[in-house]
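For the sequence shown, full-length UniProt numbering assigns the number 1 to the initial residue and increments by one for each residue that follows.
Built from N, CA and C at the ideal position, the CB exists for glycine as well.
Heads up, the thing below is written out as structure tokens.
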Amino acid sequence: MEADERRRIIRDYLEQAEEAVVARTLASKFNVSRQVIVGDIALLRAAGASIVSTPKGYIMRSQIDEGVSEAVVCQHSPDDTKEELYAIVDLGGEVIDVTVEHPIYGLLKGDLNISSRLEADEFISKVQENPSALLSNLTEGLHIHTIKAKNKDRLQKIKEVLKSKGFLYQ
């Protein structure tokens, strides 16, 4: 199979997937290495495909763009990350990403797409395996989350809870 054909099939596969797909799965499907898939995804993005990389795998942006979202500035210690994520998802919110401002590189962003306690726990497990993994470690805990909720009222409630817990930066 030619590389162009493989990339077309990968794009179609992701568009039809109901959940995120890990590179390992795609590599096995096409009998190539995981790194080849990572390269294919990069080329698809460069060609305009809206593919998002999450801790759970790749997903098309069109599959996550429902509801209302807002950038919310937070600050807390690494030990409070789980509580912050739970506060958001327990109210039906989704943590789309995290962004920090680095003094040399500017804005650094990581896609998260965490919408449940299970996903929060999986993320925390990965962080515990690599303690330097949190982007907010670069900024003394200061970071920006894009939070998505089903409506403005729910988003406001999430911000109120984050404020009451001392996580909302003011």
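- The segment 25-111 is shown to contain whole beta strand (DSSP E) runs of 3 or more residues at 51-54, 57-60, 68-75, 94-102, in chain order.
- A Cβ-Cβ separation of about 5 angstroms places F30 in contact with R6 under the 8 angstroms criterion.
- Around the beta-carbon of I104, fewer than 16 other beta-carbon atoms lie within 10 Å, marking it exposed.
- Comparing alpha carbon positions, the residue from E129, V98, R45 closest to A71 is V98.
- Sequence-distant partners of R61 (beyond 5 residues in either direction) whose C-beta falls short of 6 angstroms from its own C-beta, in its chain, are S50, V52.
- Only buried fits H76, as 16 or more other CB atoms lie within 10 angstroms of its CB.
- If one requires a minimum length of 4 residues, the alpha helix (DSSP H) runs lying completely within the segment 118-164 are 152-164, in chain order.
- When DSSP reads this structure, V21 sits in a beta bridge with Y58.
- Of the other Cβ atoms in all chains shown, fewer than 16 fall within 10 Å of the Cβ of N130; this residue is therefore exposed.
- The C-beta separation of T139 from V95 comes to about 17 angstroms, leaving the pair out of contact by the 8 angstroms criterion.
- The straight-line gap separating the alpha-carbon atoms of G141 and D12 is approximately 39 angstroms.
- A distance below 8 angstroms separates the beta carbons of L134 and P78.
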